[in-house]
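Engineer: Sharing a structure, written as structure tokens. Questions coming.
Protein chains: 2
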Amino acid sequence: MNLPSPYLLFVGDATDPLSIKMAKSAADWSPEKCVGEFALPGCEVTTGHPRMSIQEGVDKGAKAFVLGFANSGGFLSEHLIAPILEALDAGLDIINGLHDKVSDIPEIAEKAAKLGRQLIDIRHPTTKFKTGKGTPRSGKRLLTVGTDCSVGKMYTTLSLAKAMQSAGMNATFRATGQSGILVAGAGIAVDCVVSDFISGAVEALCPANDADHWDLVEGQGSLYHPAFAGVSLGLLHGAQPDALVICHALEREHMRGLPGRPLPSLQQVIDLNLQCARVTNPDARVIGVSVNTSAVSEQEGLDYCQSVTAELGLPCVDPIRHGVQPLLELLV
Amino acid sequence: MNLPSPYLLFVGDATDPLSIKMAKSAADWSPEKCVGEFALPGCEVTTGHPRMSIQEGVDKGAKAFVLGFANSGGFLSEHLIAPILEALDAGLDIINGLHDKVSDIPEIAEKAAKLGRQLIDIRHPTTKFKTGKGTPRSGKRLLTVGTDCSVGKMYTTLSLAKAMQSAGMNATFRATGQSGILVAGAGIAVDCVVSDFISGAVEALCPANDADHWDLVEGQGSLYHPAFAGVSLGLLHGAQPDALVICHALEREHMRGLPGRPLPSLQQVIDLNLQCARVTNPDARVIGVSVNTSAVSEQEGLDYCQSVTAELGLPCVDPIRHGVQPLLELLV
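The listed protein sequences derive, respectively, from chains A and B.
Per this note's numbering, the first sequence runs over residues 7 to 338.
Per this note's numbering, the second sequence runs over residues 7 to 338.
Here it is in structure tokens:
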């Protein structure tokens with residue numbers, strides 16, 4: 007996969023910061039690839055990059071119009087089609103991370119064909135996978151797992167990859183979702199794989215490697231999320247992780263998209279993930295906890311992390327506020 | 007879905023009885039719909055129905071040629087294409103339960119179009135699903151879960167449905183795999199659903215119902231199978247079962263398709279399934295154990311079931327040899 011860039015990030019009319027995760031991920035982790043963002047009236051969130059029209063984006067050198075929003079299920083609403091057509095007319099390729107393929111929408115497909123633009127549905131695997139085997143393989147793997155969806159698994163994994171690479175370690179980030187793929191330029195969106203092949207796809211994503219090499223595999227969903235736990239379990243078995251990092255976000259009132267449903271405790275998440283991970287790696291262990299504390303003050307965030315360490319006996323950090331050094335020390 | 011019948015069951019050149027599960031299921035549970043079986047040289051297994059040529063099948067009234075074999079991954083081998091073309095020429099529609107669509111194979115698609123025959127890929131969902139919600143819903147549901155794949159989950163579920171319907175109970179069999187769909191004429195092959203939608207598809211398959219109605223949901227895979235556990239967990243969450251029946255097969259040397267990997271114990275399967283089931287149904291309970299004892303003598307089978315009851319305090323039957331009455335009593 008060779009994604010055209012720089013990107014103009016399309017955030018639609020999003021009102022929930024979590025729903026523009028894909029745009030925000032590219033903005034945060036590949037800022038050099040982003041010229042700005044384009045929003046519709048009613049949009050209440052931002053990537054932090056300057057807001058501009060499609061034509062201004064083109065004038066600043068953009069090559070691709072990135073559909074940078076997501077929703078549960080990944081559907082493309084009707085009112086988002088006109089701006090996509092405008093971007094094609096303005097000379098941009100389209101990078102799409104929704105379940106719905108832009109190439110399946112006749113108006114878009116026709117215009118792209120006529121103008122010679124690329125329609126890149128990064129969530130849709132283009133290869134054929136085998137079913138998983140669970141056979142032990144060489145190399146080391148770390149997987150981030152969560153109390154819920156959208157709690158910081160990708161940010162934690164990217165932070166670890168960056169820190170390990172800076173420390174001269176042999177480490178590769180493995181993207182399993184559209185945002186990670188946009189940042190890394192490669193990967194497999196496991197939630198879009200046919201369910202028989204989830205773990206097989208992950209085995210292909212992070213195959214046997216050098217004994218000292220670490221694959222840092224981006225987690226998805228949560229074993230406790232009623233919609234996505236199947237994806238999480240297939241990913242856990244396929245990744246065959248040596249190390250797990252538990253990810254959590256503060257001030258989350260309920261499981262993502264499911265008002266009234268409380269989050270599991272960290273201990274529950276540790277126990278169930280270890281129990282399941284040991285099906286394919288009997289030596290799997292939890293090396294620490296990563297918390298998105300952005301909803302509280304610096305001091306409250308620090309206090310929370312210290313209380314987790316006291317309770318569970320594991321290092322606990324907010325990767326953005328504190329860095330990931332305490333997690334790294336257990337991997338060397 | 008309205009499948010053309012009667013069926014001529016195509017068993018290919020299969021040598022493993024488990025691999026013709028789909029043909030055998032129709033032969034056992036819908037014998038009135040089967041005129042016979044067609045095999046290639048080298049085939050070492052049988053459905054028990056008379057073996058015949060394709061033309062003999064047509065002469066006996068067959069309307070559909072059922073690709074009645076399966077393999078891990080569901081691929082259609084090259085050498086199976088010629089007999090399919092012959093069946094089309096002889097006047098039959100094709101019913102296919104493999105992952106590979108027959109409609110994607112140009113020679114087959116062209117011939118079918120030219121002759122006006124139907125190509126029915128029953129494993130491929132034709133509807134668009136939503137993501138699961140896990141919201142409590144009315145009606146009762148039972149799910150069969152397993153120590154492994156192919157241990158008798160569908161036979162157990164069908165046996166329960168038949169017995170409950172005979173007892174005048176309000177009960178419906180819900181097929182989740184190609185064999186069950188062939189028997190029931192409806193259902194969703196959950197292992198072919200895009201992984202983000204596993205539990206949502208199952209919520210659609212067995213929606214809210216009358217308070218006294220039982221949906222008997224066919225299980226798939228095993229939480230302990232490294233290839234298919236994701237499917238099993240999504241199915242477990244989506245089914246929101248009140249009752250679980252644990253299924254097992256005797257004399258299984260290793261997990262299906264994975265030499266060297268031992269099966270989990272019944273207690274492990276009970277514990278992990280209950281723990282996960284309670285995410286969407288806090289009242290889920292295991293009502294009994296169903297064992298395929300066909301690999302041992304009648305007496306050994308009976309002894310095994312009695313030892314399970316003594317050890318776990320749960321009724322344990324071979325549904326084919328002993329019937330399912332002891333399981334039923336706990337559901338009334």
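A virtual CB, placed ideally from N, CA and C, is assigned to each residue, including glycine.
All of these numbers come straight from a predicted model, not from anything done at the bench.
1) What residue range does the alpha helix (DSSP H) around E62 of chain A cover?
2) With contact counted as at least three CB pairs below 8 Å, one residue from each stretch, are the segment 105 to 119 of chain A and the segment 37 to 55 of chain A in contact?
3) Cα separation between V41 of chain A and L188 of chain A?
4) To which residues does DSSP link F179 of chain B through a beta bridge?
5) Counting along the chain, where does the beta strand (DSSP E) carrying T339 of chain B start and finish?
6) Since L15 of chain B is in the beta strand (DSSP E), which residue starts that stretch and which ends it?
7) In the DSSP assignment, find the unbroken beta strand (DSSP E) run with A296 of chain A in it and report its ends.
8) Using a beta-carbon distance below 9 Å, is D197 of chain A in contact with chain E?
9) Under 8 Å Cβ to Cβ from N8 of chain B, same chain only, skipping five residues before and after it: list those, please.
10) Hey, is H328 of chain A's beta-carbon within less than 9 Å of any beta-carbon in chain B?
11) Quick check on DSSP: helix, strand or coil for G244 of chain A?
12) Could you check what DSSP says for E259 of chain B in three-state terms: helix, strand or coil?
13) Identify whether S71 of chain B lies in helix, strand or coil by the three-state DSSP scheme.
14) Just to confirm before moving on: does the CB-CB distance between R267 of chain B and P321 of chain B stay below 9 Å?
15) Identify which residue in A:K66, A:R143, A:L15 and A:T153 has its Cα closest to the Cα of V285 of chain B.
16) Using the Cα positions of A245 of chain A and E209 of chain A, report the straight-line distance between them to the nearest angstrom.
17) Considering only C-alpha positions, which residue in the set A:E43, A:L269, A:D248 and A:L166 is nearest to R291 of chain A?
18) Going by Cα to Cα distance, which pick from A:P47, A:G206, A:L91 and A:D202 is closest to L121 of chain A?
19) At 7 Å on the CB atoms, spell out the chain A contacts of G240 of chain B, in chain order.
20) State the Cα-Cα distance for the pair I204 of chain A and I326 of chain B, rounded to the nearest angstrom.
21) Across the segment 140 to 149 of chain A and the segment 15 to 24 of chain A, are there enough close Cβ pairs to call them in contact, namely three or more that are closer than 8 Å?
22) Using a Cβ-Cβ cutoff of 8 Å, what residues of the segment 16 to 30 of chain A are near chain B? List them in chain order.
23) Quick one: which residues of the segment 269 to 284 of chain A get their C-beta closer than 8 Å to a C-beta of chain B? List them in chain order.
24) Using a C-beta cutoff of 9 Å, does R267 of chain A count as contacting chain B?
25) Quick one: grab the DSSP three-state call for F234 of chain B.
26) Does DSSP put N279 of chain B in a helix, in a strand, or in coil?
27) Identify which residue in A:R123, A:D289 and A:V223 has its Cα closest to the Cα of A93 of chain A.
28) Considering only the alpha carbon of each residue, which of A:T141, A:Y161 and A:F75 lies closest to R129 of chain A?
29) Could you please give the first and the last residue of the uninterrupted alpha helix (DSSP H) stretch that includes A29 of chain A?
30) Would you report the Cα separation of L182 of chain B and A119 of chain A, rounded to the nearest angstrom?
31) Can you check whether the C-beta of K107 of chain A is within less than 9 Å of a C-beta belonging to chain B?
32) Does DSSP classify C155 of chain B as helix, strand or coil?
33) Three-state secondary structure (DSSP) at C322 of chain A?
34) Please state whether DSSP places F135 of chain B in a helix, a strand or coil.
35) Considering just the uninterrupted stretch of the beta strand (DSSP E) at I90 of chain A, what are its terminal residues?
36) Can you tell me which of A:T163, A:A235 and A:Q312 puts its alpha carbon nearest to the alpha carbon of C253 of chain A?
Structural biologist: Working from what's here:
1) I60 to D65
2) no
3) 15 Å
4) B:L222
5) Nothing can be reported for residue 339 of chain B, as the shown portion of chain B is limited to 7 through 338.
6) Y13 to G18
7) Strictly speaking, residue 296 of chain A in this sequence is Ser, with Ala absent from that position. Run containing S296 of chain A: R291 to N298, per the beta strand (DSSP E) assignment.
8) Of the protein chains in the structure, A and B, none is chain E.
9) G191
10) no
11) helix
12) coil
13) A quick correction: the sequence has Phe, not Ser, at residue 71 of chain B. DSSP places F71 of chain B in strand when its eight states are reduced to three.
14) no
15) A:T153
16) 6 Å
17) A:D248
18) A:L91
19) S201, A235 and G236
20) 33 Å
21) no
22) none
23) L278, Q281 and C282
24) yes
25) coil
26) helix
27) A:R123
28) A:F75
29) K27 to W35
30) Rather than Leu, the amino acid found at residue 182 of chain B in this sequence is Thr. Roughly 39 Å separates the two Cα atoms.
31) no
32) coil
33) strand
34) coil
35) That residue, I90 of chain A, is in no beta strand (DSSP E); its alpha helix (DSSP H) goes I87 to D95.
36) A:T163
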